[in-house]
Amino acid sequence: MAGHSNILIIGIDSFTGNHLKAHFEEKGWQVFGTSFSIEDTDKVFKVDIIDSKAVIAILRKVKPDYIINLAAISFVGEPNHELFYKVNVLGAESLLESICKSGIEPKKVLMPSSAVVYGNQNEVSLHEGLIPNPINHYGYSKYVGEQICKTYFDKLNIIVPRPFNYTGEGQLSTFLVPKIVDAYKKGCDRIALGNLDTFREFNDVKLICWVYEKLLIVDKHSEIVNVCSGNTHSVRQIIDKMQLISDNHIYVDVDKRFVRKNEIQELKGSPKKLESLIGKLDQTFSLELLLERLYKS
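Residue numbers for the sequence shown follow full-length UniProt numbering, so the first one is 1 and each next one is one higher.
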């Protein structure tokens, strides 16, 4: 029964990891994790996932029923491009190989990729049948990571989610939504942003946790699947919503430093395959409620 299952979250101290930890603990799961930086506790182990020997020892100790890999460089603007490939590609392969060598047989391994692998496409709604066309190092590294996962489909029960943009409490202010919300919370007069008319999904991290749980326990594997709502908003629309929530006006400076080359104009996913696997998405999540929650937190 899932409520009595052990789950190992690789990168448990990350933004998403903290939310997943809270989500699964609330459901009664035994939650263990690894961290690259924090010291060992009873349920969290400090390790570099490239260190196969150490990872195997943790796997044999915890004997997880489920594993989620969140060890990744996810900030697109990361200046050290080598890190994308070291962590997102070599790290993913090392983890999968360690699982195979450990002798444990997890029921499911979630290896999240990213919607950025799609790049610029001619389709309005991005679906899994499209050929990925990444346009930056983050996208390339995630796409290569997906291909590595495929080579383990015959050895492990793997699902590769492609999450579209999501946000929530605890996300660094280097990311767009926390940066905007922080400016309103601090009562700033101005804020410097990039392109105001790019459209993205801005899903709630709590929805992502809900979906990841469903993907873990559903009797499906060897799948690459969008994790998305299909709802997009522009940066300008977020500003407008925050002005209503805060009853405050902030002047927006469009700073060329934040306008990325090869900017993807719209990232909108098709949730059709996802819903075929786990059923209809929980519709209680909305951007307005998320922004209000972040503003009041």
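Here a beta-carbon is modelled for each residue, glycine too, at the ideal position from N, C-alpha and C. What you are looking at is a predicted structure, and each value in this text was computed from that prediction instead of being measured.
C-alpha gap between residue i and residue j, whole angstroms
i, j, result
"residue 33", "residue 7", "8 Å"
"residue 170", "residue 280", "27 Å"
"residue 356", "residue 73", "The requested residue 356 does not occur in the structure, where the chain is confined to residues 1 to 297."
"residue 102", "residue 92", "15 Å"
"residue 219", "residue 247", "47 Å"
"residue 256", "residue 195", "8 Å"
"residue 30", "residue 216", "15 Å"
"residue 16", "residue 202", "14 Å"
"residue 214", "residue 239", "33 Å"
"residue 183", "residue 242", "10 Å"
"residue 299", "residue 224", "Because the chain spans 1 through 297 in this model, residue 299 falls outside it and cannot be assessed."
"residue 272", "residue 94", "32 Å"
"residue 175", "residue 14", "14 Å"
"residue 135", "residue 24", "35 Å"
"residue 278", "residue 153", "20 Å"
"residue 21", "residue 293", "19 Å"
"residue 130", "residue 187", "43 Å"
"residue 250", "residue 221", "47 Å"
"residue 27", "residue 261", "43 Å"
"residue 264", "residue 118", "10 Å"
C-beta contact flag for residue i and residue j at 8 Å
i, j, result
"residue 295", "residue 185", "yes"
"residue 121", "residue 133", "yes"
"residue 227", "residue 208", "yes"
"residue 58", "residue 45", "yes"
"residue 86", "residue 113", "no"
"residue 193", "residue 252", "yes"
"residue 301", "residue 156", "Since the first and last residues shown for the chain are 1 and 297, residue 301 lies out of range."
"residue 64", "residue 110", "no"
"residue 199", "residue 275", "no"
"residue 138", "residue 76", "yes"
Of the listed residues the options, nearest to residue i (C-alpha basis)
i, options, result
"residue 190", "158, 161 and 254", "254"
"residue 145", "217, 100, 166 and 69", "69"
"residue 88", "48, 187 and 173", "48"
"residue 197", "162, 212, 15 and 234", "234"
"residue 53", "96, 224, 143 and 44", "96"
"residue 210", "163, 183 and 251", "163"
"residue 166", "285, 42 and 10", "285"
"residue 71", "35, 105 and 27", "35"
"residue 140", "115, 39, 272 and 154", "115"
"residue 268", "12, 50, 124 and 128", "124"
"residue 289", "62, 39 and 168", "168"
Residue i, DSSP secondary structure in three states
i, result
"residue 151", "coil"
"residue 229", "coil"
"residue 223", "strand"
"residue 202", "coil"
"residue 284", "coil"
"residue 2", "Its pLDDT being 48, under 50, residue 2 is placed unreliably in this model, and the coordinates cannot settle the point."
"residue 88", "helix"
"residue 186", "coil"
"residue 270", "coil"
"residue 173", "coil"
"residue 114", "coil"
"residue 102", "helix"
"residue 234", "strand"
Bridge partner(s) assigned by DSSP for residue i
i, result
"residue 40", "Answer is none; residue 40 lacks a bridge partner."
"residue 253", "192"
"residue 306", "No answer is possible for residue 306: the residues shown for the chain start at 1 and end at 297."
"residue 160", "224"
"residue 67", "8 and 109"
"residue 45", "34"
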